[in-house]
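A.B. asks:
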Amino acid sequence: MNLEEIWKWLKGKRNTFFAEAATAFVLIAVLGVAGITAGRSGIAKASEVESVRAKAEANKVEEQEQENAEKKQETQTEEVIADGQYPIMGQSSVTTEQMVSYFQSSGKAYPAESLAKGGADSIETFCRIYVEEAQAEGVRPEVAFVQTMKETGFLQYGGDASIEQFNFAGLGTTGGGVPGNSYPDVRTGVRAQIQHLKAYATADPLAQECVDDRYEYVQKGSAPYVQWLGQKENPQGAGWATAENYGYSIVEMISHLKGKNS
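Reminder that position 61 of the sequence shown reads as 61 in the UniProt record's numbering, one-by-one numbering, no gaps.
1. Does DSSP put G138 in a helix, a strand or coil?
2. Below 8 Å, can you find three or more Cβ-Cβ pairs linking the region 156–170 to the region 83–100?
3. Which residues bound the alpha helix (DSSP H) around Y194?
4. Residue ranges of each alpha helix (DSSP H) run of no fewer than 4 residues wholly in the region 95–131, ordered along the chain?
5. Output the distance between the C-alpha atoms of residue 286 and A58, rounded to the nearest integer angstrom.
6. So, is Y217 buried or exposed, given that buried needs 16 or more other C-beta atoms within 10 angstroms?
7. For E48 and A56, I'd like the C-alpha separation in whole angstroms.
8. Can you tell me the Cβ-Cβ gap for D213 and N181, rounded? I've got them flagged as a contact below 8 Å.
9. Could you check which residue in E151, S222, G175, N167 has the C-alpha nearest to that of A192?
10. Which value, in whole angstroms, describes the spacing of the CA atoms of A19 and A54?
11. Between V190, G107, Q104, which lies nearest to V139 when the distance is taken from Cα to Cα?
12. On a CA-only basis, which of E97, S249, M253, V186 is nearest V211? Give me that one, please.
13. Can you give the Cα-Cα distance for G259 and V52, rounded to whole angstroms?
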């Protein structure tokens with residue numbers, strides 16, 4: 001091999017070397033970019049996980065604070081009850097099942113055929129509506145439910161109002177055969193009753209649209225306790241009914257409801 005041939009051979013090797021070097025450089029660059037991207041992705045995912053964890057912790061703290069507040073309010077309410085007055089407003093430990101059991105203990109038949117037309121084909125559904133509507137307005141459900149049992153004779157009626165009116169507490173019945181208000185379904189009738197109770201209990205505004213035609217006529221906050229629903233026992237002479245010991249009789253029935261399930 002002469003000098004010219006040797007030079008050509010070296011030149012070819014040099015080109016190959018540079019080509020391989022260039023390829024290696026590109027490969028290293030690609031891997032570097034991929035590594036940076038992966039690193040950034042990992043950091044982003046870690047940040048996202050931390051954000052989710054922080055939100056979960058914040059929600060947990062908020063739920064705990066709300067639970068503590070509810071327990072405190074319930075304790076305060078129970079203290080008032082123990083002191084002799086039964087608040088209309090507040091948290092309640094009474095359940096739907098307890099209300100169902102109380103009705104069944106009366107021995108009365110649930111008027112399923114009539115109330116199914118208004119959306120409550122069973123006593124369980126009827127009681128659930130009371131709990132839902134009462135909680136929406138902050139009223140203790142057992143107060144409204146037991147009032148209904150008193151006013152309707154455990155849903156047997158027989159007074160001026162009829163069951164088809166879905167009027168469960170004699171709203172608008174003024175005596176002398178006046179039938180009082182009528183409502184399109186069970187839930188609306190229950191809502192009107194509960195809103196009327198709230199009107200007596202507090203000056204706070206309603207949480208839902210008003211369906212109680214007589215809401216505006218109530219002296220707001222004039223009967224915060226069940227015992228004061230009777231006009232004769234109310235310090236201001238206000239109240240739901242004129243019958244003697246009206247509110248006290250409801251409280252006694254509530255005691256039976258709780259005692260039946262204690």
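Ideal Cβ placement from N, Cα and C applies to all residues, glycine included.
C.D. replies: By the coordinates alone:
1. coil
2. No contact exists between the region 156–170 and the region 83–100.
3. Residue identity differs from the one stated: residue 194 is Ile in this sequence, not Tyr. That run of the alpha helix (DSSP H) goes 186–201.
4. 96–105, 112–116
5. Residue 286 lies beyond the stretch modelled for the chain, which goes from 1 to 262, so this question has no answer here.
6. exposed
7. Our two residues, E48 and A56, have alpha carbons roughly 12 Å apart in a direct line.
8. 6 Å
9. N167
10. With a pLDDT of 46 at A19, under the threshold of 50, the modelled position of this residue cannot be trusted, and the question is left open.
11. V190
12. That would be V186, whose Cα lies nearest to the Cα of V211.
13. 46 Å
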